[in-house]
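Notes to accompany the following structure.
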Amino acid sequence: ALDIEVYTPFKGRMPDPDRADYPIISIALVGSDGYNRVLVLAREGVRFGGIPEDYPAGAIVEIFDEERSLILEALRVMDKYPIVITFNGDNFDLNYLYNRALRLGIPRELIPIKWFRDYPSLRKGVHIDLYKFFENKSIQAYAFSGKYKDFTLDAIASALLGVSKIKLGEHIGVLDIARLVTYNYRDSWLTLQLTMFDDELVWRLIVLLMRISKNSLEDVVRRKVSKWIQGLFYWEHRRRNYLIPLSEDIRMLKNKVVTEAIIKGKKYAGAIVIDPPTGVFFDVIVLDFASLYPSIIKRWNLSYETIDPPEEVCPKDKRIFVRDENGNIIHEVCIEKPGITAQITGLLRDFRVKVYKKKAKDPNLRPEERSWYDVVQKAMKVYINASYGVFGASSFPLYAPPVAESVTAIGRYTIRNTIMKAKELGLKVLYGDTDSLFLWHPSEELLDKLRKWVQENFGLELDVDKGYKYVAFSGLKKNYIGVYPDGTVDVKGLVGKKKNTPEFLKSAFNEILQALGSVNTPEEFEKVKEYIRSKVKDIYIRLRNLQFTLDELAIRMTLSKNLDEYKKNVPQHVKAALQLTALGYRVFAGDVVFFVKVKGKDGVKPIQLAKLHDIDVDKYLKAVESTFEQILNAINVDWKEIAGISKLEAFFGF
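Residues 1 to 654 in our numbering are what the sequence shown spells out, letter by letter.
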């Protein structure tokens with residue numbers, strides 16, 4: 001793993017990798033073979049300094065008199081390794097290193113970095129940019145269950161390794177050598193450890209995804225999941241000697257859409273979500289259809305070539321009907337031959353559920369074997385769970401609107417009928433969302449009856465996914481708080497967990513969640529309810545009186561792309577970043593922008609340029625309301641009551 005540090009004249013100035021104006025002052029090289037070196041540039045007036053607590057005692061530190069020699073040594077080491085790993089190396093580290101080497105007159109033949117399409121690679125090896133891999137939403141959601149929220153090295157390493165970056169109070173350019181080495185080495189070490197932890201989980205995941213997708217190593221870490229799925233399907237077409245159809249031909253022949261979308265911009269009706277109640281319910285069990293959409297694709301033989309077949313292609317006795325939730329026939333499917341989509345999706349789904357997932361939990365296997373099976377099932381989960389989304393995306397080459405519409409229609413039909421059967425059996429259904437049902441205090445006997453009925457009528461598996469000590473519903477769809485028996489709090493859709501929430505609200509939100517997690521009885525819940533009421537009221541008053549610091553009011557968001565790529569809609573954090581660039585700061589994709597909401601045209605200012613009196617209090621009060629209103633609704637407290645009392649208290653200075 002490689003990480004570089006570049007001198008900048010002041011804090012906030014990001015070096016431009018294309019210009020490479022500033023010297024590289026440190027390069028940390030950490031190998032899986034035990035190689036540990038930090039190459040540092042000697043600079044006038046910069047001392048070695050005292051040894052920090054986290055100083056890498058096992059690393060060899062070499063100090064160079066000139067930058068050219070430092071870079072040449074780093075390039076020599078890189079050329080000996082088959083794989084070089086960076087974090088955001090496409091945008092910065094390898095890009096800067098390449099251009100800085102050229103700027104210092106190093107001949108191209110001595111630079112092992114080469115450009116391949118739109119990213120830097122190696123002449124004799126491969127370059128893995130882990131930022132690109134972890135930024136993949138499917139990896140974040142399905143392989144790591146959303147453990148990390150931001151796509152920074154610090155956020156990902158903290159979540160997965162339990163170790164964070166070294167925190168700095170000042171900028172890189174003023175650090176003494178010992179602290180620079182400590183900081184630089186930690187970044188490189190974290191980058192390598194992200195491929196080594198949990199028995200090389202990430203590395204093995206990448207290799208498995210290569211095998212399934214038929215993509216190269218460098219493509220897998222940089223491409224979106226749609227390209228992985230396309231790779232497998234195209235490969236399977238060629239293996240069978242099938243002609244790969246043009247997307248326009250599929251849409252010309254298979255363009256019938258019957259249902260109407262509820263969500264603006266969608267082409268057909270999506271999943272069903274049952275309106276939840278408002279309030280708190282103890283002893284809630286959540287039932288989940290195992291891989292619902294992939295199971296539907298397999299069981300109903302859904303594929304672009306089997307849906308709505310012409311009469312001359314498929315006889316009438318070899319067709320089945322697709323019905324929506326009201327029982328209306330919307331499409332026909334040919335079952336004479338297995339559809340290619342149904343076969344591939346079904347195969348991956350069955351192998352994961354019936355083989356690898358079970359093996360991953362088999363106590364008779366050695367831990368390393370269970371770990372291996374767990375990696376395989378996670379890789380397959382990424383593929384399977386993303387498959388429907390890809391087939392439902394109009395940008396996918398094999399997209400057929402009636403296939404996507406059929407999947408969601410059958411899903412709605414299944415959920416609605418399962419809810420009706422559950423009520424018929426006497427089960428209390430609180431909520432239903434896409435592929436899950438929330439049941440209040442169900443008996444094991446009735447659960448077994450419902451599962452058996454679903455298997456017999458739909459050929460689908462309905463499993464107990466989780467049990468909550470209690471659930472607080474806000475009354476809004478996809479918005480609730482579930483508390484597990486161990487006190488862990490599961491938050492769905494509530495604003496306090498969103499990335500663009502100010503720090504002071506995140507902190508207060510987490511304190512409230514901890515209080516909710518401690519509740520075991522309805523009586524205890526009443527006490528916590530009063531605590532929450534008091535906490536929110538206190539925040540309201542402090543905000544009215546501007547008793548928070550700029551750091552507490554700051555919103556942090558990561559730039560997902562470079563500033564020049566934002567053309568039409570310019571989000572708030574991009575507006576703040578543009579204000580920084582106007583003052584000479586350099587900002588790139590992957591950088592975290594800290595900003596506050598202010599009065600004025602842009603409505604935001606980067607924290608470096610803002611003053612407390614600039615703050616738009618009303619905007620923050622709206623944020624407080626949107627953050628806590630859903631929790632307050634769930635515990636039967638009216639926001640207007642808190643706002644009204646707090647306004648009076650703030651006015652009189654209580």
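Where is the CB? At the ideal position from N, CA and C, for every residue including glycine.
Please read all numbers here as calculations on a predicted model, not as lab measurements.
Closest in alpha carbon position to Phe525, among Lys477, Val637, Val225 and Trp453, is Val637. Judged by DSSP in its simplified three-state form, Asp465 adopts strand. With a cut-off of 8 Å on Cβ pairs, the stretch 297-317 is in contact with the stretch 328-336, counting three or more such pairs.
In this structure, Ile631 is the residue among Thr549, Glu170, Val407 and Ile631 with its C-alpha nearest to the C-alpha of Asp490. In the displayed model, Thr86 falls within a strand according to three-state DSSP. In this structure, Glu503 sits near Asp551, with a CB-CB distance shorter than 8 Å.
In this structure, the CA atom of Gln579 is about 45 Å from the CA atom of Tyr234. Collapsing the DSSP output to three states places Ile335 in coil. Scanning its chain for C-beta atoms nearer than 7 Å, with the 5 sequence neighbours on each side dropped, one finds around Asn500 the residues Ile555 and Met557, in chain order. Judged by DSSP secondary structure, Pro606 falls within the beta strand (DSSP E) whose first and last residues are Val604 to Pro606.
For His127, DSSP records a beta bridge to Val84.
When rounded, the separation of the alpha-carbon atoms in Ala610 and Thr549 is 11 Å.
Close CB contacts of Leu192 within its chain, under the 7 Å cut and outside five residues either way in sequence, are with Ala1, Val30, Ser32 and Ile85 (chain order). Exposed is the label assigned to Met420, since fewer than 16 other Cβ atoms lie within 10 Å of its Cβ. Nearest to Val46 by C-alpha distance, out of Ile172, Pro112 and Gly339, is Ile172. Taken through DSSP and simplified to helix, strand or coil, Asn36 comes out as strand.
Spanning the alpha carbons of Tyr242 and Leu347 requires a straight line of approximately 19 Å. Between the stretch 313-320 and the stretch 466-482 there are fewer than three inter-stretch CB-CB distances shorter than 8 Å, so the stretches are not counted as touching.
Around the beta-carbon of Lys147, fewer than 16 other beta-carbon atoms lie within 10 Å, marking it exposed. In this structure, the straight-line span from the alpha carbon of Glu5 to that of Ile27 is close to 6 Å. By the C-beta density criterion, Phe458 is buried, having at least 16 other C-beta atoms within 10 angstroms.
A contact between stretches requires three or more CB pairs, one per stretch, nearer than 8 Å, and the stretch 287-299 meets this requirement with the stretch 377-392.
The distance from the Cβ of Asp591 to that of Met14 is about 7 Å, consistent with a contact at the 8 Å cut-off.
With a 10 Å radius around the Cβ and a threshold of 16 neighbouring Cβ atoms, Trp228 comes out buried. Apart from the 5 residues on each side of it in sequence, Glu62 sits with its Cβ closer than 6 Å to the Cβ of Leu39 in its chain, given in chain order. Classified as buried, Met380 has 16 or more neighbouring CB atoms from the shown chains inside 10 Å of its CB. Rounded to the nearest whole angstrom, the C-alpha separation of Ile206 and Glu625 is 42 Å. Within the DSSP secondary-structure output, Glu62 pairs in a beta bridge with Leu39. Taking a cut-off of 8 Å on C-beta distances, the stretch 248-257 does not touch the stretch 413-431, as fewer than three cross pairs fall below it. Nearest Cα to Ile60 within the set Leu97, Asn36 and Lys529: Asn36. Taking 4 residues as the minimum length, the alpha helix (DSSP H) runs contained wholly in the stretch 102-157 are 130-135, in order along the chain. Linking Asp602 to Asp198 through their CA atoms gives a straight-line distance of about 45 Å. Runs of the beta strand (DSSP E) lying entirely within the stretch 513-588, each at least 3 residues long, are 555-558 in chain order. Looking at the DSSP output, Phe281 sits in a beta bridge with Val471. Ile212 is bridged by DSSP to nothing; it lacks a bridge partner. By alpha-carbon distance to Lys478, the top candidate from Asp486, Asp433 and Pro485 is Asp433.
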